[in-house]
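Just so you know, the protein sequences line up as chains A and B, in that order. Residues 40 to 297 (my numbering) are what the first sequence spells out, left to right. Residues 16 to 389 (my numbering) are what the second sequence spells out, left to right.
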Amino acid sequence: MTKSNKLTVIFSLLIIAIGVVAVTVWLRSLPQDLTLRFHPYVGDKPLVLHDQTYKNPGGKGNFSIRDFQLFISNIVVGYSSSSIREQDSYHLVRFDGDTTFDQIIIPEVKIQNLESLSLGIGVDPKANGTIMFSGDLDPNSRMAWNWQVGYKFLLLEGMLTVQNEQQPLVYHIGFDESYTELNFDLSNEEISNDGVIDFKIDLLRLFQINSSHLNELTNQQSSEAIKYIDMSELSHVKFSPDDVRIIAKGFHDFISIL
Amino acid sequence: MRIAKIVVALLVILIAATLYILPNKKPDTHLVEFTAPFVFGRFTIPENNPLTQESVLLGRRLFYDPLLSSNNQVSCATCHKQALAFTDGLKTSVGVSGVPLAFNAMSLVNLMWGPRHFFWDGRSSSLENQAIQPIKHVDEMGRNIDELIVVLKQDDTYTKLFKQAFGEISEQGIAKALASFQRTLISSNSRYDQYLRGEITLSSKEELGRKLFMAHPDTKVILRGGNCIDCHSQFLTSGFGTAFDGFSNNGLDNDQTLQAGLFSLTKKEVHRGLFKAPTLRNIAVTSPYMHDGRFATLKDVLAHYNGGIKRSKTLSPLIIEADNIVKTQNDHISLNLNDTEITAIIAFLHTLTDKEFLANRAFSNPFMEENNHD
Chain A
40 MTKSNKLTVI FSLLIIAIGV VAVTVWLRSL PQDLTLRFHP YVGDKPLVLH
90 DQTYKNPGGK GNFSIRDFQL FISNIVVGYS SSSIREQDSY HLVRFDGDTT
140 FDQIIIPEVK IQNLESLSLG IGVDPKANGT IMFSGDLDPN SRMAWNWQVG
190 YKFLLLEGML TVQNEQQPLV YHIGFDESYT ELNFDLSNEE ISNDGVIDFK
240 IDLLRLFQIN SSHLNELTNQ QSSEAIKYID MSELSHVKFS PDDVRIIAKG
290 FHDFISIL
Chain B
16 MRIAKIVVAL LVILIAATLY ILPNKKPDTH LVEFTAPFVF GRFTIPENNP
66 LTQESVLLGR RLFYDPLLSS NNQVSCATCH KQALAFTDGL KTSVGVSGVP
116 LAFNAMSLVN LMWGPRHFFW DGRSSSLENQ AIQPIKHVDE MGRNIDELIV
166 VLKQDDTYTK LFKQAFGEIS EQGIAKALAS FQRTLISSNS RYDQYLRGEI
216 TLSSKEELGR KLFMAHPDTK VILRGGNCID CHSQFLTSGF GTAFDGFSNN
266 GLDNDQTLQA GLFSLTKKEV HRGLFKAPTL RNIAVTSPYM HDGRFATLKD
316 VLAHYNGGIK RSKTLSPLII EADNIVKTQN DHISLNLNDT EITAIIAFLH
366 TLTDKEFLAN RAFSNPFMEE NNHD
């Protein structure tokens with residue numbers, strides 16, 4: 040190979056490389072599907088419905104989960120100077136499918152320069168007070184109580200076993216005041232080319248007595264050992280406002296970026 | 016000569032095209048106009064089976080025709096009688112073989128809403144698929160479909176009706192027509208519907224029953240409830256439509272006698288003993304109750320939930336947990352409703368009877384009409 044031939048090959052390769060980079064950058068700037076992928080956990084262990092048991096975090100015995108569903112709503116993606124709100128943004132996230140996760144796909148989002156994302160756990164008071172069908176909101180669904188009470192924001196059902204004694208676990212958490220908005224800073228997050236953001240949903244957060252959110256509010260040391268509720272003492276939460284508040288407090292820490 | 020050849024060629028093409036197009040020509044059909052309360056929610060009709068007047072007309076005739084059975088004596092309507100909200104009053108139905116079937120005949124109402132899985136064990140995922148199963152089933156109608164098609168083709172009325180609806184007679188057409196007719200069976204004028212529309216008020220007893228129906232009990236806030244809403248949606252009163260949310264183990268059997276239920280479809284152990292939560296519309300006329308018709312009266316049904324629950328590994332935790340008195344032990348499962356509350360819930364269930372639906376002539380036997388005209 041002559042020197043000029045070599046130069047031609049190198050030059051060509053360089054052109055191709057630049058082309059590939061340019062196309063990649065151009066593709067990334069095009070709107071694409073943004074996927075919010077939710078992975079359920081119990082502490083640091085992945086949640087497996089039915090078969091897997093987990094330690095009662097604040098007491099004796101082990102528990103298993105039969106059903107876990109929650110509403111994620113009002114998703115807003117933010118850029119440096121603008122934000123986009125998803126239409127009819129009510130998603131039922133549930134974990135009884137064939138995958139270990141559930142996901143929400145928001146079409147036509149510019150992934151590049153995405154700086155923030157916010158979402159609500161539950162159903163905002165306006166929608167919770169109506170019987171309209173919007174997104175996954177359906178007053179004839181399992182997540183609906185009745186039109187006078189509104190929706191369950193979170194449904195968690197299972198069984199606690201303490202010394203061969205079985206105790207049903209029923210957490211149906213609703214009420215307007217439980218609706219919780221979470222904000223995620225994405226400015227330092229690397230979003231993969233396929234537009235997927237992975238989130239962890241940690242069930243144990245619902246049973247924390249001292250949440251990190253409260254720690255922030257009271258300027259306590261967050262390194263303080265986390266205390267948990269004994270599930271046998273609070274095995275069902277439905278309409279008692281005080282109990283609902285105890286569980287819903289955990290919504291502030293419920294979802295984090297993996 | 017050349018012109019003649021061209022003319023002949025064109026004629027041949029024209030005749031061939033006509034012969035091809037005529038049988039393949041889509042019939043000129045007309046969509047059914049219908050109304051349903053918006054609280055029933057969204058519904059879907061399969062794209063390949065639009066709800067047409069022609070299809071419904073054909074489906075209604077097929078539904079009432081004993082020609083669909085091997086002994087020409089059993090029609091769909093044998094086990095699905097309109098006056099009984101399309102049930103048959105039997106514990107479990109009996110078809111051509113005379114052998115009692117495994118299941119109680121399900122009411123056919125508001126089928127465009129609620130669970131997308133049909134039969135008590137959810138084994139069919141579309142109305143079209145469901146409609147054909149009893150025809151083929153050896154104990155139900157025991158009809159060979161190919162033979163049925165031959166018989167239908169010999170009948171001028173069916174030849175005409177199929178031509179108008181689909182073009183030709185086929186298994187698919189039979190299924191589509193039966194599904195279409197069943198989709199028109201909408202019940203939305205019960206006293207409960209009238210109450211929801213603000214046209215009437217319920218009696219104090221019915222209103223107590225309604226409140227109990229719609230509530231999961233919570234002793235912590237002294238909320239008494241019948242817990243019906245945990246499986247039967249507030250407006251449709253059917254099982255829930257999403258995934259398998261409309262299926263439940265409601266404590267009929269213990270582990271030793273637990274039947275397959277939804278397990279027969281999914282092969283998942285966690286689905287053993289789960290059956291479809293049926294619609295409660297017209298429930299007062301659809302006795303006996305449960306998938307095997309084991310309870311003769313609504314009182315028996317309420318007695319089951321009020322102390323008759325049997326424990327098994329897939330029993331719903333909602334049923335174990337639901338109690339109107341503070342639970343001191345988990346051995347005896349009961350709602351612990353009092354007699355007044357039980358009577359009230361039954362009174363509310365009677366408000367779900369839709370007399371207009373039960374007598375609607377659009378759903379009745381078309382052969383009777385024809386005979387009356389003769």
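Don't be surprised by glycine CBs; every beta carbon is placed ideally from N, CA and C. All figures in this text were calculated on a predicted structure; none of them were measured in a lab.
Neighbourhood of A:S173 by C-beta, 6 Å cutoff - its chain only, sequence neighbours within 5 removed:
Counting from 1 along the first sequence, the entry for residue 173 of chain A is found at position 134. Here the set comprises D127 and Y129.
Closer than 6 Å by C-beta to A:I123: which residues in its own chain qualify, once you throw out the five before and the five after it? Chain order, please.
Within the first sequence, numbered from 1, the residue matching residue 123 of chain A stands at position 84. Result list for A:I123: V116, in chain order.
Just reading off the alpha helix (DSSP H) that B:F278 is part of, what are its end residues?
Mapped onto the second sequence, residue 278 of chain B falls at position 263. Start and end: F278 to T281.
Three-state class that DSSP yields for A:Y218 in the structure shown
Residue numbering aside, residue 218 of chain A sits at position 179 when the first sequence is read from its first letter. Here A:Y218 sits in coil by DSSP.
Which word fits B:A24, buried or exposed, when buried means at least 16 other C-beta atoms lie within 10 angstroms of its C-beta?
The sequence position of residue 24 of chain B within the second sequence is 9, counting from 1. By the 10 Å Cβ count, B:A24 comes out exposed.
Answer yes or no: do B:R296 and B:L273 have a C-beta to C-beta separation smaller than 8 Å?
As a position in the second sequence, residue 296 of chain B is number 281, starting the count at 1. As a position in the second sequence, residue 273 of chain B is number 258, starting the count at 1. The answer is no: Cβ separation not under 8 Å.
Would you mind stating whether A:G82 and A:D282 have Cβ atoms separated by less than 8 Å?
Taking the first residue of the first sequence as position 1, residue 82 of chain A is located at position 43. Taking the first residue of the first sequence as position 1, residue 282 of chain A is located at position 243. No, these two residues do not count as a Cβ contact at 8 Å.
Just grab the DSSP bridge partners of A:V132 for me.
As a first step, residue 132 of chain A must be located in the first sequence, where it is residue number 93. According to DSSP, which records beta bridges pairwise, A:V132 is partnered with A:L109.
Of all Cβ atoms in chain A, is any one closer than 8 Å to the Cβ of B:M383?
Against the second sequence, residue 383 of chain B aligns to sequence position 368. No - not a single Cβ of chain A is within 8 Å of the one on B:M383.
Three-state secondary structure assigned by DSSP to B:R198:
Numbered from 1 along the second sequence, position 183 holds the residue referred to as residue 198 of chain B. It is helical.
For A:I104, list the residues DSSP reports as bridge partners.
As a position in the first sequence, residue 104 of chain A is number 65, starting the count at 1. DSSP output for A:I104 lists A:G197 as bridge partner(s).
Span of the beta strand (DSSP E) around A:L208:
Your numbering for residue 208 of chain A matches position 169 in the first sequence. First-last of the beta strand (DSSP E) with A:L208: E204 to G213.
Pick from A:S121, A:N167 and A:P96: whose alpha carbon is nearest that of A:K191?
Looking up residue 191 of chain A in the first sequence gives position 152. That would be A:N167, whose Cα lies nearest to the Cα of A:K191.
Anything in chain B within Cβ reach of A:G197, meaning under 7 Å, just list it in chain order.
In the first sequence, the residue the question calls residue 197 of chain A occupies position 158. Under the 7 Å cutoff, chain B gives P332.
Against chain B, does A:R284 count as a neighbour if the rule is that its beta carbon must be under 8 Å from one of theirs?
Here residue 284 of chain A is taken as the residue at index 245 of the first sequence, counted from 1. Output row for A:R284: interface = no.
With A:L156 as the anchor, note down where its alpha helix (DSSP H) starts and where it stops.
Here residue 156 of chain A is taken as the residue at index 117 of the first sequence, counted from 1. No alpha helix (DSSP H) holds A:L156; the beta strand (DSSP E) holding it covers S155 to I160.
Beta-carbon proximity check, B:I150 vs B:M156, cutoff 8 Å:
Within the second sequence, the letter at position 135 stands for residue 150 of chain B. Within the second sequence, the letter at position 141 stands for residue 156 of chain B. Yes, the Cβ-Cβ distance between B:I150 and B:M156 is below 8 Å.
Pairwise C-alpha distance: A:S180 and B:P130
Here residue 130 of chain B corresponds to residue number 115 of the second sequence, with the count starting at 1. Here residue 180 of chain A corresponds to residue number 141 of the first sequence, with the count starting at 1. For B:P130 and A:S180, the distance between alpha carbons rounds to 10 Å.
Roughly how many whole angstroms lie between the Cα atoms of B:L142 and B:H247?
The sequence position of residue 142 of chain B within the second sequence is 127, counting from 1. The sequence position of residue 247 of chain B within the second sequence is 232, counting from 1. Taking the straight line from one Cα to the other gives about 21 Å.
Measuring straight from C-alpha to C-alpha, what distance separates B:S139 and B:Q145?
Numbered from its first residue, the second sequence carries residue 139 of chain B at position 124. Numbered from its first residue, the second sequence carries residue 145 of chain B at position 130. Straight-line Cα distance between these residues: approximately 6 Å.
For B:L289, tell me which candidate among B:S327, B:K220 and B:D170 has the shortest Cα-Cα distance.
For the purposes of this step, residue 289 of chain B is taken as residue 274 along the second sequence, with counting starting at 1. For B:L289, the nearest C-alpha among the options comes from B:S327.
Counting Cβ pairs closer than 8 Å, one from the stretch 345 to 354 of chain B and one from the stretch 277 to 285 of chain B, do we hit at least three?
no
Report whether the distance from the Cβ of B:H306 to the nearest heavy atom of the ligand GTP is below 7 Å.
Ligands displayed in this structure: none; no statement on the ligand GTP is therefore possible.
To be precise: take each residue of the stretch 227 to 247 of chain B, compare its Cβ to all Cβ atoms of chain A, and keep it if any distance is under 7 Å. Which residues remain?
M229, H231, D233, K235, V236, L238 and I244
Go through its chain and collect everything with a Cβ distance to B:P42's Cβ below 6 Å, but skip five positions before and after it.
Looking up residue 42 of chain B in the second sequence gives position 27. Answer for B:P42: Q179 and G182, listed in chain order.
Continuous alpha helix (DSSP H) stretch holding A:T74: start and end:
Looking up residue 74 of chain A in the first sequence gives position 35. From DSSP, A:T74 is part of no alpha helix (DSSP H) but of the beta strand (DSSP E) over P70 to V81.
Taking DSSP's pairing of strands, which residues face B:T102 in a bridge?
What you label residue 102 of chain B is simply residue 87 of the second sequence in a count that begins at 1. B:T102 pairs with B:K96.
Note down, in chain order, all residues in the stretch 52 to 66 of chain B with a beta-carbon under 7 Å from any beta-carbon belonging to chain A.
V54, G56 and R57
Proximity winner among B:A31, B:S70, B:I30 and B:R76, relative to B:F382 (alpha-carbon distances):
Counting from 1 along the second sequence, the entry for residue 382 of chain B is found at position 367. Of the listed residues, the one whose Cα sits closest to B:F382 is B:R76.
For A:V235, report the span of its beta strand (DSSP E) as first-last.
Counting from one through the first sequence, the residue named residue 235 of chain A turns up at place 196. V235 to D241 is the span of the beta strand (DSSP E), which, as asked, contains A:V235.
State the start and end residues of the unbroken alpha helix (DSSP H) segment that holds B:Q88.
Position 73 of the second sequence, counting from 1, holds the residue named residue 88 of chain B. Careful: B:Q88 lies outside any alpha helix (DSSP H) and carries neither H nor E.
Backbone secondary structure at A:H275 - three-state DSSP:
Residue numbering aside, residue 275 of chain A sits at position 236 when the first sequence is read from its first letter. Looking at A:H275 - three-state DSSP - the assignment turns out to be strand.
Contact with chain A by B:T216, beta-carbon distance below 8 Å:
Start at 1 with the first residue of the second sequence, and residue 216 of chain B comes out as number 201. Chain A, which has no Cβ nearer than 8 Å to the Cβ of B:T216, makes this no.
What number of angstroms, rounded off, separates the C-alpha of B:A299 from the C-alpha of B:L373?
In the second sequence, the residue the question calls residue 299 of chain B occupies position 284. In the second sequence, the residue the question calls residue 373 of chain B occupies position 358. Cα-Cα distance, rounded: 12 Å.
Could you check the C-alpha separation between A:T219 and B:P332 for me, to the nearest Å?
One-based indexing of the first sequence puts residue 219 of chain A at position 180. One-based indexing of the second sequence puts residue 332 of chain B at position 317. Rounded to whole angstroms, A:T219 to B:P332 spans 27 Å at the Cα level.
Once you ignore the five residues that flank A:S157 on each side, which residues in its own chain have a CB closer than 8 Å to its CB?
As a working note, residue 157 of chain A is residue 118 in the first sequence. For A:S157, where only same-chain residues beyond five positions count, the Cβ hits under 8 Å are N113, I114, V115, G117, E220, L221, N222 and F223.
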